[in-house]
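Peer 1: Counting from 924, one number per residue, gives the positions in the sequence shown under this note's numbering. Every residue gets a Cβ at the ideal spot worked out from N, C-alpha and C, and that includes glycine. Just passing along the structure, written as structure tokens.
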Amino acid sequence: LFTDNYYTSEALATHCWLSYTMFIVGTHRLTKKVSRVATDFPFAKLSDPALKRLRRGWMRRAVRQIRGVPRAAMTLQAIIWRDRKQVGLLSNYMIGPRNEGETVDRRQRGRETRAVETHQVLKLYQKYMGGVDQSDRDTADWGIHMEVGHRWYLSIVYWCISKILGNMFVM
């Protein structure tokens, strides 16, 4: 199961593993939150000056065993990776350090591309998450945009209409 920022959590990964023996890979929205609990993402968002000093492809990884799972202990992996900005990823699939020589092509200034070191689970996420990102992009480009003022519920109605029309067009 591939998820986007809002849905990715340790609770969802544990539920999917317990109920369906399903793996989960998803991006995680990083925060500068100071107070931490045991189920929080292990890394905080880096400051802009600190992030600028890191090279593209820099990565940190943390692994946690989730005990008390009836079938088998589940291992959860948290990764932060520097691309143009900092990316957080939570996964219980493809646990382990990055493979030597695992790269992804990234565009530099202009048209030239450069190979950037990455983790294999990030490549997998980029390969299969394209459909959701494309749908979000289509809604942003072709959706109904109107100022709704204090009528917040109209935003939901317009979003539903945009999705229906977009899916009708695709079908």
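Report buried or exposed for M997, applying the criterion of at least 16 other Cβ atoms within 10 angstroms of its Cβ.
Peer 2: buried
Peer 1: Check whether the region 1065-1072 touches the region 1084-1092, taking contact to mean three or more Cβ pairs, one atom from each stretch, closer than 8 angstroms.
Peer 2: yes
Peer 1: Hey, M1017 and I1002: beta-carbon distance below 8 angstroms or not?
Peer 2: For M1017 and I1002, no; Cβs fall outside 8 angstroms.
Peer 1: Spatial neighbours of R1030 within its chain, please: C-beta separation below 6 angstroms, excluding the five flanking residues on both sides.
Peer 2: T1036
Peer 1: If I measure Cβ to Cβ from T931 and keep anything under 7 angstroms in the same chain, skipping five residues before and after, which residues do I get?
Peer 2: G949, T950, H951 and L1013
Peer 1: Could you say which of L1045, D1061 and L999 lies nearest to A985 if we only look at CA atoms?
Peer 2: Of L1045, D1061 and L999, the residue nearest in Cα terms is L999.
Peer 1: Roughly how many angstroms lie between the CA atoms of K975 and V1039, to the nearest whole one?
Peer 2: 16 angstroms
Peer 1: Below 8 angstroms on the Cβ atoms is my contact criterion, and I expect R1005 with L977 to pass it. Report the Cβ-Cβ distance as a whole number of Å.
Peer 2: Beta-carbon to beta-carbon, R1005 and L977 are separated by about 5 angstroms, close enough to satisfy the 8 angstroms threshold.
Peer 1: In whole angstroms, what is the alpha-carbon distance linking P1053 and S1078?
Peer 2: With the sequence shown as reference, residue 1053 is identified as Gly, and Pro is not the correct amino acid for it. Roughly 25 angstroms separates the two Cα atoms.
Peer 1: DSSP has Q1009 in a bridge; who is on the other side?
Peer 2: The partner list for Q1009 (beta bridge, DSSP) reads R1005.
Peer 1: In whole angstroms, what is the alpha-carbon distance linking D1059 and Y1081?
Peer 2: Each residue's Cα considered, the two are about 14 angstroms apart.
Peer 1: Which class does G1053 belong to by DSSP, given the choice of helix, strand or coil?
Peer 2: helix
Peer 1: DSSP three-state call for Q1043: helix, strand or coil?
Peer 2: helix
Peer 1: Here's the rule I'm using: 16 or more other beta-carbon atoms within 10 Å means buried, otherwise exposed. How should W1075 be labelled?
Peer 2: With a threshold of 16 other beta carbon atoms within 10 Å, W1075 falls short and is exposed.
Peer 1: Taking all protein chains shown into account, do 16 or more other C-beta atoms lie within 10 angstroms of the C-beta of E933, making it buried, or fewer, making it exposed?
Peer 2: buried
Peer 1: Should I1084 go down as buried or exposed, given a rule of 16 or more other Cβ atoms within 10 Å for buried?
Peer 2: exposed
Peer 1: How long is the line joining the alpha carbons of Q1043 and T926, rounded to whole angstroms?
Peer 2: 17 angstroms
Peer 1: Going straight from the alpha carbon of L953 to that of S970, what length do you get?
Peer 2: 11 angstroms
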